[in-house]
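Worksheet: the structure to be examined is printed underneath.
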Amino acid sequence: MSVSTASAADTQGGGRGHRPPPGRGRRDHRMTARRRDAVAGYLFVAPQLLGWAAFVGWPVVAVVWYSLHSWNLLAGTFDWAGLANYRQLAHDPALGAVLRATLFFSVGLVVLNLALALLLAVLLNQRLRGTAVFRTIFFSPVVVSLVAWAIVSGTLLQGTGGINALLSKVGITGPNWLHEPGAALIAVIVTQTIKNVGLNMVLFLAALQGVPEELYEAAALDGASRWRTFWRITFPLITPTVLLTSIITVVGSLQVFAPIQVLTAGGPGNSTNVLVYDLYKQGFVAHDLSYASTLGVLLFVIVLALTAIQWQMRKKWVVNE
Amino acid sequence: MSSKSESGKSNQDRANHRSRALSLPRWAKIALYALMTVLAIPFLFPTWWMVTASLSPANDIYSQSPKLFPTHPLWSDYKQVFELQPFAHQYVNSLYIAVLVTAGTMAVSALSGYAFARIRFPGADALFFVVLTGMLVPAEVTIVPLFRMVQSLGLINTHWPLIIIPIFGAPSVLGTFVMRQFFLALPAELEEAGRLDGLGRFGLFRSIALPLARPALAAVAIFTFLRTWDSYLEPLVYLSAKDKFTLPLALTQYTDAYGGNIWNIQLAATTLTVLPVLAVFIIAQRQFVAGLAQTGLKG
């Protein structure tokens, strides 16, 4: 900053040491305007940057630092442990189950969520009366808080709850959803999907409405079937939105916490004990903050890797305009 | 001028074409309505059931044939909601935290979104990239260090971490991204006029750019409010006294001596938290959905 002031002053040959008076010369004037702009720019972004440093940057460094220590809250000790936590992680008898639950949950949620969101968006994009009402219905769970939705779903998913009552009406004996390993995972996935699918649906709907009508007309003139038209014309044009929603949904699926806590608390066994829930239990129930930090590092690495993979793969299937 | 009217005309044509080229046969329409109606059941039923069950005797919740309409609505569960916990107090906590976080996030992300889009300053692109990384850091990754930070500042069991961290930390980054996308699309001429009138940077931002950014601000406000209203892990970690709790946390506290859920009271409490938000949404749903769609459109 000071360098640029000095050089500006030098080129003018005057105002040594103090600010040149306004309107002195054209170049001088421009320099101060630019400098004033730069100051304004830094001031404008300062709250966000300082917040980032304090609440994102530093904590990410700290979580790695904590994971390399052995931390006893009760004794108040904080000792260097090297990779001991990571060795513990590798030998954690529950880790296999946790990663399996995380993988199944994420894959199930992402596939179900994106497929359903796309189906609903396509249905709502038809020229039909009353689609606004259906759009409101499909979107409404989004505004219900996650815990509220999970509590209501929890009562419905009891062995003698509403879901099984409905199933028994069509002659199906439903499982005790939240107490059987496979069923519990499916129940949480479906609960979470219905709660949130409206968001992706709206994004898809916005993308679908951006597809130029002429393309559909051309396809109709060529006698292309609706199915073919969708996969050859519509889908390629909305791939940027598919990429965006899939990244959001994948990252979001790894963060699911409230429904797990409310519906199953990770059980039965470890069948719904996803990584985030395990992290919470290790850190804030078992008070092992350094091991929880190690799980945090693992979660971070997984999120970064998945996002990087998706970003790389976009070249293969995302159609740019 | 002429090109403008031409494009308007072709839009008209397009609309006409659309209805002709893409209109569906009658049987297909019926099939689509049937499909949408079936699909709507899992979206509607839980909310409906929440209200009816909260008005029914506790035994009915476990009965094999849930009643779709309570025959004799019972209001006693609603009375209990307020007797077992400082529920009104918790409601106010949730409301004021969500309002403060929403207002703060709008301010922080509008300012930095504007600067990243329209002010040239050294390192702007690099700094924007740095800020964006906040979107890739799940809250759970940073919860242990943030918990320690809050603890060492003596702010455990206060609302400060629930207000300050989301406004300035990772959650507001999405807002900054949305605001930047919006301000990038704003024509430069608008600001030139203001500049000639002698407005400084803050003046340009405040009196020219910000009023035009209403749709983007609305979108930021909506998703910030919903996310804060939904927030569960952070209150769970930072708060310990019931009178400090926010609603999602409060809802899980209606348990008996053995930790079992008292479902009927829980459903009544849940109804009380859901219905106001749902009502606002149904009234304002057009703007609501359009606002959220816009955040994705420009991504």
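Quick mapping for you: the protein sequence lines, in order, are chains A and B.
For the first sequence, full-length UniProt numbering gives the first residue as 1, with consecutive numbering after it.
For the second sequence, full-length UniProt numbering gives the first residue as 1, with consecutive numbering after it.
A virtual CB, placed ideally from N, CA and C, is assigned to each residue, including glycine.
Computed from a prediction, not measured in an experiment: that's the story for all the values here.
#1: Short of 8 Å in beta carbon distance, which residues of its chain neighbour Pro-181 of chain A, apart from the five on each side in sequence? Order them along the chain.
#2: For the beta strand (DSSP E) containing Asp-230 of chain B, list its first residue and its last residue.
#3: I'd like the span of the alpha helix (DSSP H) that includes Ser-253 of chain A, first residue to last.
#4: Flag this pair as touching only if the region 225-242 of chain B and the region 132-150 of chain B have three or more C-beta atom pairs under 8 Å; answer yes or no.
#5: Can you check whether the C-beta of Gly-23 of chain A is within less than 9 Å of a C-beta belonging to chain B?
#6: What residues of chain B sit near Thr-136 of chain A, judged by a beta carbon separation below 7 Å?
#7: Rounding to the nearest angstrom, what Cα-Cα distance links Leu-212 of chain B and Val-202 of chain A in this structure?
#8: Anything in chain A within Cβ reach of Arg-201 of chain B, meaning under 9 Å, just list it in chain order.
#9: If you run the structure through DSSP and keep just helix, strand and coil, what is Ser-70 of chain A?
#10: Quick one: using the 10 Å Cβ neighbour count with 16 as the cut-off for buried, is Leu-199 of chain A buried or exposed?
#11: Distance, Cα to Cα, Gln-287 of chain B vs Val-274 of chain B?
#12: Go ahead and pull the three-state DSSP assignment for Ala-78 of chain A.
#13: Residue range of the alpha helix (DSSP H) that Ala-170 of chain B falls in?
#14: Is it true that the CB of Ala-150 of chain A sits closer than 9 Å to the CB of Pro-274 of chain A?
#15: So, helix, strand or coil for Thr-255 of chain B, using DSSP?
#16: As an exercise, report each continuous alpha helix (DSSP H) stretch of at least 4 residues that is fully enclosed by the region 196-237 of chain A, in chain order.
#17: Taking the beta carbon of Ala-115 of chain B as the centre, do at least 16 other beta carbons fall within 10 Å, making it buried, or is it exposed?
#18: Under 9 Å, do Val-262 of chain A and Pro-42 of chain B count as touching if we go by C-beta distance?
#19: Whole angstroms is fine: what's the gap from residue 329 of chain A's alpha carbon to Tyr-258 of chain B's?
#20: Quick one: residues in its chain with C-beta nearer than 8 Å to the C-beta of Ala-21 of chain B, no 5 flanking neighbours on either side, listed in chain order?
#21: What first and last residue would you give for the alpha helix (DSSP H) that runs through Pro-235 of chain B?
#22: Please identify the residue among A:Lys-315, A:Val-256, A:Val-276 whose C-alpha is closest to the C-alpha of Leu-243 of chain A.
#23: Less than 9 Å between the beta carbons of Thr-176 of chain B and Gly-123 of chain B, yes or no?
#24: In chain A, which residues lie with their C-beta within 8 Å of the C-beta of Leu-186 of chain B?
#25: Taking the straight line between their C-alpha atoms, what separation do you get for Ala-293 of chain B and Ala-206 of chain A?
#26: What's the C-alpha gap between Trp-231 of chain A and Gln-48 of chain A?
#27: Note down, in chain order, all residues in the region 138-151 of chain A with a beta-carbon under 8 Å from any beta-carbon belonging to chain B.
#28: Which chain A residues are close to Thr-105 of chain B, counting only those with a beta carbon under 8 Å from its beta carbon?
#29: First and last residue of the alpha helix (DSSP H) that includes Ser-54 of chain B?
#30: What is the rounded straight-line gap between the Cα of Val-150 of chain B and the Cα of Ile-156 of chain B?
#31: Spatial neighbours of Tyr-86 of chain A within its chain, please: C-beta separation below 8 Å, excluding the five flanking residues on both sides.
#32: Would you please state the rounded distance, in angstroms, between the beta carbons of Ser-145 of chain A and Leu-247 of chain B? I believe it to be under 8 Å.
#33: For Val-101 of chain B, which residues of its own chain have a beta-carbon under 7 Å away from its beta-carbon, when the five flanking residues on both sides are left out?
#34: Which residues in the same chain have their Cβ closer than 8 Å to the Cβ of Thr-307 of chain A, if we skip the five residues on either side of it in sequence?
#35: Which of the residues in the region 228-239 of chain B, read from start to end, lie with their CB under 7 Å from any CB of chain A?
#36: Quick one: what's got a C-beta closer than 8 Å to Gln-310 of chain A's C-beta in the same chain, skipping five residues either side?
By the coordinates alone:
#1: Answer for Pro-181 of chain A: Pro-268, Gly-269, Ser-271, listed in chain order.
#2: Per DSSP, Asp-230 of chain B lies in no beta strand (DSSP E); the unbroken alpha helix (DSSP H) holding it starts and ends at 214-230.
#3: 235-254 is the span of the alpha helix (DSSP H), which, as asked, contains Ser-253 of chain A.
#4: Judged by Cβ distances under 8 Å, the region 225-242 of chain B makes contact with the region 132-150 of chain B, as three or more pairs qualify.
#5: Here the model assigns Gly-23 of chain A a pLDDT of 48, short of 50, so the residue's position is not dependable, and the following value carries that caveat. Output row for Gly-23 of chain A: interface = no.
#6: Here the neighbours are Ile-282, Gln-285.
#7: The C-alpha of Val-202 of chain A is placed about 24 Å away from the C-alpha of Leu-212 of chain B.
#8: Think of a sphere of 9 Å around the beta carbon of Arg-201 of chain B: the chain A residues whose beta carbon falls inside it are Arg-36, Asp-37, Val-39, Ala-40, Gly-41, Leu-43, Phe-44, in chain order.
#9: If DSSP states are grouped into helix, strand and coil, Ser-70 of chain A belongs with the strands.
#10: By the neighbour-count criterion, in which a residue is buried when 16 or more other Cβ atoms sit within 10 angstroms of its Cβ, Leu-199 of chain A is buried.
#11: Distance from the CA atom of Gln-287 of chain B to the CA atom of Val-274 of chain B, rounded to whole angstroms, is 20 Å.
#12: First, the amino acid is wrong: residue 78 of chain A is Phe here, not Ala. Note: Phe-78 of chain A maps to strand in three-state DSSP.
#13: DSSP places Ala-170 of chain B in no alpha helix (DSSP H); its state is neither H nor E.
#14: The sequence given here places Val at residue 274 of chain A; Pro does not occur at that position. Against a cut-off of 9 Å, the Cβ pair of Ala-150 of chain A and Val-274 of chain A comes out as no contact.
#15: Taken through DSSP and simplified to helix, strand or coil, Thr-255 of chain B comes out as strand.
#16: Fully enclosed alpha helix (DSSP H) runs of 4 or longer: 213-221, 226-229.
#17: Buried.
#18: The Cβ atoms of Val-262 of chain A and Pro-42 of chain B do not sit closer than 9 Å to each other.
#19: With chain A represented from 1 up to 321, any question about residue 329 of chain A goes unanswered, as that position is not in the structure.
#20: Here Ala-21 of chain B scores only 47 on pLDDT, less than 50, and its place in the model should not be relied on; the value that follows carries that caveat. Nothing listed; no residue qualifies.
#21: 233-238 is the span of the alpha helix (DSSP H), which, as asked, contains Pro-235 of chain B.
#22: Closest by alpha carbon: A:Lys-315.
#23: In this structure, Gly-123 of chain B does not lie closer than 9 Å to Thr-176 of chain B by Cβ.
#24: Within chain A, no C-beta atom comes less than 8 Å from the C-beta of Leu-186 of chain B; the nearest is roughly 15 Å away.
#25: Taking the CA atoms as reference points, Ala-293 of chain B sits about 6 Å from Ala-206 of chain A.
#26: As the crow flies, the alpha-carbon of Trp-231 of chain A is around 42 Å from that of Gln-48 of chain A.
#27: Answer set for the region 138-151 of chain A: Phe-138, Phe-139, Ser-140, Pro-141, Val-142, Val-143, Val-144, Ser-145, Leu-146, Val-147, Ala-148, Trp-149, Ile-151.
#28: By Cβ distance, chain A contributes nothing, its closest Cβ being about 10 Å from Thr-105 of chain B, past 8 Å.
#29: In the DSSP assignment, Ser-54 of chain B falls within the unbroken alpha helix (DSSP H) covering 26-54.
#30: In a straight line, the C-alpha of Val-150 of chain B is about 6 Å away from that of Ile-156 of chain B.
#31: Excluding positions up to five away in sequence, the list reads Ser-67, Thr-294.
#32: Indeed, because the Cβ distance is near 7 Å, the residues count as touching under 8 Å.
#33: Excluding sequence neighbours, Val-101 of chain B sits near Ile-163, Pro-166, Ile-167, Thr-224, Thr-228.
#34: Cβ neighbours of Thr-307 of chain A beyond the five flanking positions: Ile-247, Val-250, Val-251.
#35: Sequence-ordered contacts of the region 228-239 of chain B with chain A read Trp-229, Asp-230, Tyr-232, Leu-233, Val-237 [C-beta pairs closer than 7 Å].
#36: Excluding residues within five positions, the ones whose Cβ falls inside 8 Å are Leu-243, Ser-246, Ile-247, Val-250.
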